[in-house]
Amino acid sequence: MSVLTERRPLGDNARAWALNAPAMIVIALLVAYPIGYSFWVSLQRNNLKRPRAKKFIGFDNYKALLSDQAFLSALKVSALFVLVVLGLTVVLALILALVLNERFRGRGLLLSLALLPWAMPGVVNGLMWRTIFDAKTGALNGLLSQLGLIDNYHAWLTSGTGAFGFTALAQVWNTLPFSVIILLAGLSTIPSELYDAATVDRAGAWQRFVQVTLPWLLHPLLIVLILETMNAFRAFDTIYVLTGGGPGDATTTIALLDVQTVLTFTDFGLGSAYAWVITAITLLISVGYIGLLYRKGNFEV
Amino acid sequence: MELNRRQVLKLAGLGIALPTASSLLSACSNDKSGAGSGDGSVKFEGWDYEAALVQKNLDRFTQLNNIKINYTPITSAQYVQKVVAEFTGGGGPDALYVYDDSLAGWVEGDYLQPLDGLPGVDEVYDAIYPGNAKAMTYQGKRYGLPYYTDSNSLTYNSGILAKAGILKPPASLEELEAQALKIKNAGLLQYPIGVPAQLSDTWWSWVWALVFASGGNMFDDQQAPIMNTTDTVVKDVFAWLQQAANKSKVIDPACLQLLPVPIDNAMKAERYAYTIGARYANRDYNDPTKSKAAGKIKMALVPSLDGQVHGTVSNTRLYGLAKDTEVKDNAFKLLTYLGGLDADKKPYTAQYWFLQRGLGFAYKSMATDPEIVASLKKFADPAVYAHLAEIAKPRNILGVPWYTEFETEMHKVVQGVLSNQTQPSAAVASLAQTAETLKKKYS
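Respectively, the protein sequence lines represent chains A and B. Just so you know, the working numbering puts the end of the first sequence at 1466, numbered straight through with nothing missing. Just so you know, the working numbering puts the end of the second sequence at 819, numbered straight through with nothing missing.
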């Protein structure tokens, strides 16, 4: 009897903690621990080729980045890559979403086709575009030649500008459908009464787009901007397969440099520092987007 | 004992967490399948070149010695990374393939043990070419027995040359450019010369071959960069490359997006008249079942700036013995079988590889072995083949821990030269700067 009186039912908080504990332990082991460990490694001189030289060096790896030419160059390439990929993705996704939001014959087929590239893994995407851009047997050369636009086949990926542009294009092709889906979902939530009211007020198509569509799309656009910035900043597989980072440093992004530093040079300390810088930059950009766009979303409309 | 709810929940949580934790820990722990399993079996790893033939040869070893081998072929593109990861995790193999450019790092990483003093090792080192012996030695200690070796040659399509009225291969780079221009002007090929120049993790042997062929070097014997100071050969070779790619346009600009295999395919399809690469590729090029150019592909010494014979570059692939192996005797028996001499003092496996796939050999005696010579004649001139082996030398910075970083940077610089974005003087200055920075970083 005395035992029974000592028992107290668990409070809601305690029960919630208890029920979530197993999942939290698993997440801590599989996610938090590797992330924390990678930060710890980034504070070390840790190159597998020189295990005896391993030691804690504080933030020296981070300080070294300021004068690391390879890092600074890769950062510049990454920033430009993000700008180009993001710009193209947002504009094209918006156009495609607006088109697919209309009702017309063949819409279902077009929607399926537009989504197809999303199903393709980055490496396969890279291989496909590599075949298309091939200097000897590429479809692009074949097409342009048959149209009479070029006399000789060109090696499209051998100039810095060409390699950068075509790589960005391949990346956009792969990630565009995801943005289209998000924007299409956003478009479907806009009440048709708003368009009716705008039409009654004699607003033209452009005014309806600027005054009604765009404000309602700010939140979906925010998601697109955040996720596509992260994607473009972390882009690796397509670039690796298409150009390997070349010619020279023209397409060596920070993600490519990071993989090379860790896996080829086995410099885990510096490579982890690169990874943390990528994370920090992506986080900063995301916070910036939220600060700029969130308050301007549909709540004010 | 009576349990309250809190205790029950604690136990339930532990019940779920423990298997997860234990499986994670076991995943991180040593995988000693084979090694240390008590039956003396040897865990052996290599990159995945002709894995079926490797297995066949290992089966013969097992039959002869009654030692079980657990062989794992690893994709060559990730071989170095995977082996490093295995050794770091404590579950490395007992015996393994080693690239000459990985040797220093793997010794420094405590993955390998020296073979000095083990039976038959001195005999092997006496029987092989000095360049190969040097490539397998680090800080005065011997770390491997030879798997295969190769040196670079100029490979040319004699049929295309004949159509352009060219009777002999070029001795100098000037001649090479002139011959290529003749082929180009005759309308036979738009770009007669092809070399693999897409960025990748593999070394660009052809750049080293061109430098060594002209008697130059990038580093002195103390591994100090000399390409921007006392040695002008590198700059002159880069100048020739730039001219041939951009002025006379005899080097294919598409090379910047071509890896070695597409170059091989182009040679077999008669899309190029010249390339610079490993001698053993000639076997494939001259195989009528695989190549349109079969019978027309020949090898020559790599052309030099002054037309004189100076050298070429060689590489060595070796069999190494893990430092922490628990089956050292059996693993070394395997190493001797694969890279050493048999009871008849013959390098059985080296012969096996040459006869099966034409892989280059480190053993001097094989160059005069009638069976080898007969087989060699099917795809190359034995005299040129042997001459290349004699004059070949390894890169002299294989022993520095920053070699991979330097090689990677060199690829980018050479791409800049080929695409006319970097001038030769700036290229060598940049390489020297890279070497100095890396030396400082690793000091």
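A virtual CB, placed ideally from N, CA and C, is assigned to each residue, including glycine.
Helix, strand or coil at residue i [DSSP, three-state]
i, result
"V685(B)", "coil"
"R1373(A)", "helix"
"T1378(A)", "helix"
"I569(B)", "strand"
"C404(B)", "Here the model assigns C404(B) a pLDDT of 40, short of 50, so the residue's position is not dependable and the matter cannot be decided."
"Y818(B)", "helix"
"I1355(A)", "coil"
"Y487(B)", "coil"
"L632(B)", "helix"
"G410(B)", "Any answer about G410(B) is weak, because its pLDDT of 43 lies below 50 and its placement is not dependable; what the coordinates show is given next. Note: G410(B) maps to coil in three-state DSSP."
"P777(B)", "coil"
"A698(B)", "strand"
"K754(B)", "coil"
"P1199(A)", "helix"
"Y739(B)", "strand"
"I392(B)", "In this prediction, I392(B) scores a pLDDT of 40, lower than 50, which makes its location untrustworthy; no coordinate-derived value is stated."
"I357(B)", "Only positions 377 to 819 of chain B appear in the structure, and residue 357(B) is not among them; the question remains open."
"P1286(A)", "coil"
"P800(B)", "helix"
"F1401(A)", "coil"
"S680(B)", "strand"
"A808(B)", "helix"
"F595(B)", "strand"
"P1385(A)", "helix"
"K769(B)", "strand"
"L387(B)", "Its pLDDT being 43, under 50, L387(B) is placed unreliably by the model, and the measurement read from it follows with that caveat. Helix, per DSSP."
Cβ separation of residue i and residue j, assumed to be a contact under 8 Å, to the nearest whole Å
i, j, result
"V583(B)", "M786(B)", "7 Å"
"D424(B)", "L694(B)", "Not a contact, Cβ separation roughly 17 Å."
"E553(B)", "A620(B)", "5 Å"
"N528(B)", "S581(B)", "5 Å"
"L764(B)", "R655(B)", "6 Å"
"A714(B)", "T725(B)", "A quick correction: the sequence has Leu, not Ala, at residue 714(B). Yes, they are in contact, since the Cβ atoms of L714(B) and T725(B) sit about 5 Å apart, within 8 Å."
"G1434(A)", "N1212(A)", "7 Å"
"G687(B)", "A743(B)", "18 Å between Cβ atoms; not a contact."
"L521(B)", "L807(B)", "So it is not a contact: roughly 34 Å between Cβ atoms."
"V474(B)", "G696(B)", "4 Å"
"G468(B)", "V456(B)", "So it is not a contact: roughly 13 Å between Cβ atoms."
"K672(B)", "G535(B)", "4 Å"
"I1477(A)", "Q1209(A)", "Nothing about residue 1477(A) can be reported from this structure: the residues present for chain A run from 1166 to 1466 only."
"A503(B)", "S741(B)", "6 Å"
"L1422(A)", "Y1439(A)", "6 Å"
"T1254(A)", "Q633(B)", "So it is not a contact: roughly 25 Å between Cβ atoms."
Proximal residues of chain B, C-beta to C-beta of residue i below 7 Å
i, result
"L1213(A)", "V460, T464, G485"
Bridge partners - residue i, DSSP secondary structure assignment
i, result
"N317(B)", "An answer regarding residue 317(B) cannot be provided, because it is not within the stretch 377 to 819 covered by chain B."
"D1432(A)", "N1212(A)"
"A547(B)", "In the DSSP output, where bridge partners are listed per residue, A547(B) has none listed."
"E421(B)", "T448(B), L472(B)"
"I673(B)", "N533(B)"
"Y524(B)", "R693(B)"
"G653(B)", "S529(B)"
"T665(B)", "According to DSSP, which records beta bridges pairwise, T665(B) is partnered with nothing at all."
"T513(B)", "R518(B)"
Proximal chain A residues relative to residue i, where beta-carbon distance stays under 7 Å
i, result
"G481(B)", "K1214"
"S548(B)", "Result: empty, since nearest Cβ-Cβ is about 27 Å, beyond 7 Å."
"K788(B)", "G1411, G1413, D1414"
"Q457(B)", "L1428"
"Q684(B)", "Chain A residues near Q684(B): none, gap ~33 Å exceeds 7 Å."
Partner residues on chain B for residue i, Cβ-Cβ distance less than 8 Å
i, result
"K1301(A)", "A630, A642, R647"
"G1201(A)", "Chain B residues near G1201(A): none, gap ~15 Å exceeds 8 Å."
Within chain A, the residues that residue i reaches when beta carbons sit closer than 8 Å
i, result
"G792(B)", "P1412, G1413"
"K699(B)", "Within chain A, no residue comes near K699(B); the closest Cβ sits about 12 Å away, beyond 8 Å."
"Q797(B)", "G1325, P1412, G1413"
Chain A contact residues for residue i, given Cβ-Cβ distances below 9 Å
i, result
"Q599(B)", "Within 9 Å Cβ-Cβ: nothing; Q599(B) doesn't reach chain A, min ~15 Å."
"Q515(B)", "None at all; the shortest Cβ gap to chain A is about 14 Å."
| said: If the cut-off is 9 Å on Cβ atoms, which residues from the segment 1315-1329 of chain A count as contacting chain D, listed in chain order? | reply: Among the chains of the structure shown, chain D does not appear; the protein chains present are A and B.
| When Cβ atoms are compared, which residues of the segment 1425-1437 of chain A fall closer than 8 Å to chain B? | Result list: Q1425, L1428, T1429, F1430, T1431.
| Along the segment 560-584 of chain B, what residues have a CB closer than 9 Å to any CB found in chain A? | Q566, A573, Q574, L575, S576, D577
| task | Using a Cβ-Cβ cut-off of less than 9 Å, give me the residues of the segment 769-784 of chain B that come near chain A, in sequence order. | result | P777, W778, T780, E781, T784
| task | Closer than 8 Å, Cβ to Cβ, to anything on chain B: give me those residues from the segment 1269-1290 of chain A, in chain order. | result | From the segment 1269-1290 of chain A, no residue has a Cβ closer than 8 Å to chain B.
| task | Give the residues from the segment 604-631 of chain B that approach chain A closer than 9 Å (Cβ to any Cβ), ordered along the chain. | result | Hits within the stretch, in order: D628, P629, A630, C631.
| task | With 7 Å as the limit, tell me which residues of the segment 723-738 of chain B have their beta carbon closer than that to any beta carbon of chain A; keep them in chain order. | result | none
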